[in-house]
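Q: Following this message is one structure expressed as structure tokens.
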Amino acid sequence: MVSIFWANPDFVWFGPAHVAILIGLLIICSCITKARRSIRTNKGVDRSLRLGMVATLIILEVMYQTWYVVNGEWGAHFALPLHLSSITWITAVIMLLTLHRRWFEVTFFAGVSSALLTMITPDIGNFGFPHFRFFHFFWTHGLVIVAAYYVLVVHRTELTLRSVVIVWGYLNAYAVVVFVINLIIPNANYMYLMTKPPSPTPFDWFGPWPYYIFVLQLVSLLLFLLMYASYRCIQWLVIKSSTRLP
Numbered sequence: 133m134v135s136i137f138w139a140n141p142d143f144v145w146f147g148p149a150h151v152a153i154l155i156g157l158l159i160i161c162s163c164i165t166k167a168r169r170s171i172r173t174n175k176g177v178d179r180s181l182r183l184g185m186v187a188t189l190i191i192l193e194v195m196y197q198t199w200y201v202v203n204g205e206w207g208a209h210f211a212l213p214l215h216l217s218s219i220t221w222i223t224a225v226i227m228l229l230t231l232h233r234r235w236f237e238v239t240f241f242a243g244v245s246s247a248l249l250t251m252i253t254p255d256i257g258n259f260g261f262p263h264f265r266f267f268h269f270f271w272t273h274g275l276v277i278v279a280a281y282y283v284l285v286v287h288r289t290e291l292t293l294r295s296v297v298i299v300w301g302y303l304n305a306y307a308v309v310v311f312v313i314n315l316i317i318p319n320a321n322y323m324y325l326m327t328k329p330p331s332p333t334p335f336d337w338f339g340p341w342p343y344y345i346f347v348l349q350l351v352s353l354l355l356f357l358l359m360y361a362s363y364r365c366i367q368w369l370v371i372k373s374s375t376r377l378p
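Its first residue numbered 133, the sequence shown is counted upward by one per residue in this note's numbering.
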């Protein structure tokens, strides 16, 4: 594929650019933690930040689709927003606009867990820094994490253990729908339900197709439980410390 932006080197796993992105994510979340009280008391700032994240996510997706179209590479078998990362940026947008707890649950459990794993083991082929695809990939996944963390600590949205089961059920139901779509669209492999990603990923640890799909169900449930444990830690360390403040 020919880039319309610039020539690019291969992506280097845990190279300087990759590490810088991960550190930047931690810094942004730390800044949100530090500023959470002042943001909470200023509705205008809160609204502007949420709308800014919404606009950024939408613009990134438009640029991504345009990039494929301009290069003559767009295809229904891979470019539709059906992967888990695509669905969770959509749920993140709805969450930021509505602040509804159900959308937060899906974004937190399915979005943050998958985005974290994907950012640590990205599947972006040879699109290394400073290619557009590199920035799109990490900004989109990183913003899903930032958006969920923002709603958690600024708006103090609560989760329950029941949320784990609900979102896990939603995820499995969505996977069934995507599997059918994969069968309808030639060569489609959304959510990697038909074959593993070409790059090294945690999928490689779970056996051949179709066994890794069933292993992923158990792994996703365990990840959701781990996410719930992390929520409880954040609630104790960050949220509870400011419950007596406005």
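Backbone N, C-alpha and C define an ideal beta-carbon position, used for all residues, glycine too.
Note that this is a predicted model, so its numbers are computed, not measured.
Which residue spans inside the segment 242–322 form an unbroken beta strand (DSSP E) run of at least 3?
A: Listed in chain order, nothing qualifies, since the segment 242–322 has no complete beta strand (DSSP E) run of 3 or more residues.
Q: Taking the alpha-carbon positions, what's the A247 to L229 distance?
A: For A247 and L229, the distance between alpha carbons rounds to 20 Å.
Q: Do you know offhand how far W199's Cα is from I160's?
A: Straight-line Cα distance between these residues: approximately 28 Å.
Q: List the whole-angstrom C-beta distance separating S295 from F241, where the pair is believed to meet the contact cut-off of C-beta under 8 Å.
A: Rounded, the Cβ-Cβ distance is 7 Å, consistent with contact.
Q: Could you give the DSSP three-state label for V225: helix, strand or coil?
A: V225 falls in the helix class under three-state DSSP.
Q: Go through its chain and collect everything with a Cβ distance to V278's Cβ below 6 Å, but skip five positions before and after it.
A: Closer than 6 Å at the Cβ level, and outside the excluded window around V278, lie I160.
Q: Could you spell out the range, first to last residue, of the alpha helix (DSSP H) harbouring M185?
A: Here the alpha helix (DSSP H) through M185 covers 175–202.
Q: Which of the three DSSP states is assigned to H215 in this structure?
A: In this structure, H215 counts as coil in the three-state DSSP scheme.
Q: Ends of the alpha helix (DSSP H) at V347?
A: Segment 343–366, the alpha helix (DSSP H) holding V347.
Q: If you draw a straight line from the alpha carbon of I226 to that of A361, how long is it in whole angstroms?
A: The alpha-carbon atoms of I226 and A361 are separated by roughly 24 Å.
Q: I'd like to know whether the C-beta atoms of V244 and M359 end up nearer to each other than 8 Å.
A: Yes, these two residues count as a Cβ contact at 8 Å.
Q: Which residues in the same chain as L291 place their Cβ atom closer than 6 Å to its Cβ, once the five residues preceding and following it in sequence are excluded?
A: Once the five neighbours on either side are set aside, the close Cβ partners of L291 are Y363.
Q: Can you look up A149 in the DSSP assignment and give me helix, strand or coil?
A: In the structure shown, A149 sits in a helix (DSSP, three-state: H, G or I).
Q: Quick one, which of V202, R169, I298 has its alpha-carbon nearest W235's?
A: Residue I298 is the option with its Cα nearest to W235.
Q: Just reading off the alpha helix (DSSP H) that F236 is part of, what are its end residues?
A: 233–238 is the extent of the alpha helix (DSSP H) around F236.
Q: Do you know how far the Cα of V285 is from the Cα of Q367?
A: If you take the alpha carbons of Q367 and V285, they lie about 8 Å apart.
Q: Does I160 come out as helix, strand or coil in the three-state DSSP assignment?
A: Three-state result, I160: helix.
Q: Taking just the CA atoms, how far does F270 sit from M251?
A: One C-alpha to the other measures close to 7 Å.
Q: Taking the alpha-carbon positions, what's the F259 to A320 distance?
A: The straight-line gap from Cα to Cα measures roughly 21 Å.
Q: Considering only the beta carbon of each residue, do V334 and L249 sit closer than 8 Å?
A: Here residue 334 is Pro; the residue named in the question, Val, does not match the sequence. Yes.
Q: Tell me which same chain residues have a C-beta within less than 6 Å of the C-beta of R172, skipping the five on either side of it?
A: Cβ within range, chain order: V286.
Q: Can you grab the Cα-Cα spacing for the pair W206 / Y196, in whole Å?
A: Cα-Cα distance, rounded: 10 Å.
Q: Given that a residue counts as buried once 16 or more other Cβ atoms are within 10 Å of its Cβ, and exposed if not, what is A224?
A: Buried is the call here.
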